[in-house]
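Everything below concerns the one structure shown next.
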Amino acid sequence: MAAFGSVFMPQMALTRFEQGAWSTPQIVSADSISLHPGAHVLHYASTCFEGLKAFKHSDGSINLFRMEKNVARLIQSSALLSLPQPDAATLSQMIIDIVRQYASDVPEPPGSMYIRPTHIGTEAAIGKAAAPTASSMLYVLLSPVGDYFAGGSKPLRLLLEQNGARCAAHMGMVKSGGNYASALQPILKARASVQADQVLFCPGGDVQETGAANFILIDGNEIITKALDSSFLHGVTRDSVLTLARDMGMVVSERELSVTELLERAAKPGTEAALSGTAAVLTPVGTLIANGTEHTVGSGEAGPATLKLRQALNDIQWGKAEDKHGWLTKL
Ligand SMILES: *Cc1c(COP(=O)(O)O)cnc(C)c1O
13 MAAFGSVFMP QMALTRFEQG AWSTPQIVSA DSISLHPGAH VLHYASTCFE
63 GLKAFKHSDG SINLFRMEKN VARLIQSSAL LSLPQPDAAT LSQMIIDIVR
113 QYASDVPEPP GSMYIRPTHI GTEAAIGKAA APTASSMLYV LLSPVGDYFA
163 GGSKPLRLLL EQNGARCAAH MGMVKSGGNY ASALQPILKA RASVQADQVL
213 FCPGGDVQET GAANFILIDG NEIITKALDS SFLHGVTRDS VLTLARDMGM
263 VVSERELSVT ELLERAAKPG TEAALSGTAA VLTPVGTLIA NGTEHTVGSG
313 EAGPATLKLR QALNDIQWGK AEDKHGWLTK L
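For the sequence shown, position 258 matches number 270 in the working numbering, and the numbering has no gaps at all.
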């Protein structure tokens, strides 16, 4: 199977914002766009994106998972980047249209069609370092993906970074390219120095998130994760997992979690930790590395609560459990 996100459907849905108005969305070839080399996005990073999935059920239907959430987040990201405001209904229809077009290419579970709406500033204007782009392009790319855990799922090793931050504090809730660029060097250094898979950013000792996933801790019947604020990305998976945890009778604590408390709780047998995100749903964390010391989380293996929550979410996505919260849009 090709690497996640390296295969694309040949067409995408696209609309442009020019002279104050959005064009009628079109289905165009996905292998090229033309962009002026002075485009705002290439110099001043006016870019944001989304990641959501469509699932094929055993009745052959195609189902989008929580599309409204991703559409709303792209609109919010666009606003925080001073990009033109996309229209929610238009973007939703673009997603539906392009996924319908490639319905027969949606892989069977555990595979899915990964959907990547992307919004970029296109105005050729290198003088606009401190001004918004006047024009933009919004497109919806599709990438069929297989089983994220096909190669087995070894619990992750996370390096706790207590000095640096993933991105500027006021940009945390924007799903924007610049934030990934800013986290890349710390991640590469953590891989090279302690063979960490990811960096868990904990600025000033406050446990936040990794480069592209939210962090949750499970201690007995309690699930603990940082309360929403503007410093980190508000994951749709995070919200879904917390909702399912409440349904299962777990105590959900959305609050500040310090590195000190995290390491204390991680040392107890039975504690579990995981990363949440659309690509993998929940990925177990086995080891935390802080100030040169390795701390095993619970048994160091994937824990039962993590696997149960992941299964519960997958069951809804795959049409094997009732969609009680109305999370699916059937095409
Ligand atoms: C996309 C992303 C997440 C996960 O969000 P989901 O909506 O669950 O996919 C978490 N953190 C960052 C930084 C992200 O980019």
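Backbone N, C-alpha and C define an ideal beta-carbon position, used for all residues, glycine too.
Cβ-Cβ distance between residue i and residue j below 7 Å
i: Val-19; j: Pro-156; result: yes
i: Leu-64; j: Ile-127; result: yes
i: Leu-171; j: Ala-193; result: no
i: Ala-225; j: Leu-287; result: yes
i: Ala-100; j: Val-83; result: yes
i: Ile-199; j: Gly-223; result: yes
i: Pro-96; j: Ile-87; result: no
i: Ala-195; j: Arg-169; result: no
i: Ala-314; j: Pro-167; result: yes
i: Ala-279; j: Val-297; result: no
i: Pro-144; j: Ser-94; result: yes
i: Gly-310; j: Thr-283; result: yes
i: Phe-29; j: Ser-147; result: yes
i: Met-21; j: Val-152; result: no
i: Ala-324; j: Leu-254; result: no
i: Gln-38; j: Leu-26; result: yes
i: Leu-321; j: Val-186; result: no
i: Ala-136; j: Tyr-56; result: no
i: Met-79; j: Thr-341; result: yes
Buried versus exposed call for residue i [16 or more other C-beta atoms within 10 Å across all chains shown]
i: Gly-216; result: exposed
i: Arg-250; result: buried
i: Glu-306; result: exposed
i: Gln-329; result: buried
i: Thr-134; result: buried
i: Gly-164; result: exposed
i: Asn-75; result: buried
i: Gly-184; result: buried
i: His-353; result: Residue 353 is absent from the structure shown; the chain starts at 13 and stops at 343.
i: Met-125; result: buried
i: Gly-32; result: exposed
i: Ser-52; result: Correcting the residue identity first, residue 52 is His in this sequence and not Ser. His-52 should be labelled buried.
i: Ala-42; result: buried
i: Thr-295; result: buried
i: Ser-44; result: exposed
i: Glu-276; result: exposed
i: Glu-221; result: buried
Alpha carbon of residue i to alpha carbon of residue j, nearest angstrom
i: Ile-138; j: Arg-112; result: 38 Å
i: Ser-116; j: His-69; result: 12 Å
i: Ile-108; j: Pro-129; result: 12 Å
i: Thr-308; j: Gln-174; result: 18 Å
i: Leu-47; j: Met-149; result: 10 Å
i: Val-219; j: Thr-318; result: 19 Å
i: Cys-214; j: Val-248; result: 21 Å
i: Asn-191; j: Gly-50; result: 21 Å
i: Leu-245; j: Ser-73; result: 31 Å
i: Glu-268; j: Ile-235; result: 12 Å
i: Pro-316; j: Gly-17; result: 29 Å
i: Gln-105; j: Pro-281; result: 48 Å
i: Val-271; j: Val-211; result: 13 Å
i: Asn-303; j: Gly-176; result: 14 Å
i: Ser-242; j: Phe-161; result: 31 Å
i: Trp-347; j: Leu-343; result: Residue coverage of the chain in this structure runs from 13 to 343, which leaves residue 347 outside it and unanswerable.
i: Arg-258; j: Ser-58; result: 37 Å
i: Val-206; j: Gly-158; result: 29 Å
i: Phe-344; j: Thr-299; result: Since the first residue shown for the chain is 13 and the last is 343, residue 344 is missing from the structure and cannot be characterised.
i: Thr-36; j: Ile-110; result: 14 Å
i: Ser-89; j: Gln-197; result: 24 Å
i: Ser-265; j: Ile-230; result: 10 Å
i: Thr-237; j: Ser-252; result: 13 Å
i: Glu-334; j: Asp-71; result: 14 Å
i: Met-262; j: Arg-85; result: 27 Å
i: Trp-339; j: Ala-180; result: 32 Å
i: Gly-331; j: Val-118; result: 14 Å
i: Thr-102; j: Lys-336; result: 26 Å
DSSP beta-bridge partners of residue i
i: Cys-60; result: His-131
i: Ser-155; result: Tyr-126
i: His-307; result: Leu-300
i: Ala-42; result: Looking at the DSSP assignment, Ala-42 forms no beta bridge with any residue, so it has no partner.
i: Asp-218; result: Ser-270
i: Lys-342; result: Asn-75
i: Gly-289; result: Val-293
i: Leu-229; result: Ile-236, Ala-285
i: Lys-65; result: Tyr-126
i: Ser-265; result: Ile-236
i: Val-211; result: Leu-171
i: Phe-29; result: Trp-34, Ser-148
i: Met-24; result: Val-40
i: Ala-136; result: Ala-51
Below-7 Å beta-carbon distance, residue i vs any chain D residue
i: Gly-331; result: Reference to chain D is not applicable here, since this structure consists of a single protein chain.
Contact test: residue i Cβ vs ligand 2 heavy atom, cutoff 6 Å
i: Pro-316; result: Absence of ligand 2 from the depicted structure is noted, with ligand 1 being the only ligands included.
Those residues, in chain order, that have a beta-carbon closer than 6 Å to some heavy atom of ligand 1: Gly-63, Lys-187, Glu-221, Ala-224, Ala-225, Asn-226, Leu-245, Gly-247, Val-248, Thr-249, Arg-250, Ser-288, Gly-289, Thr-290
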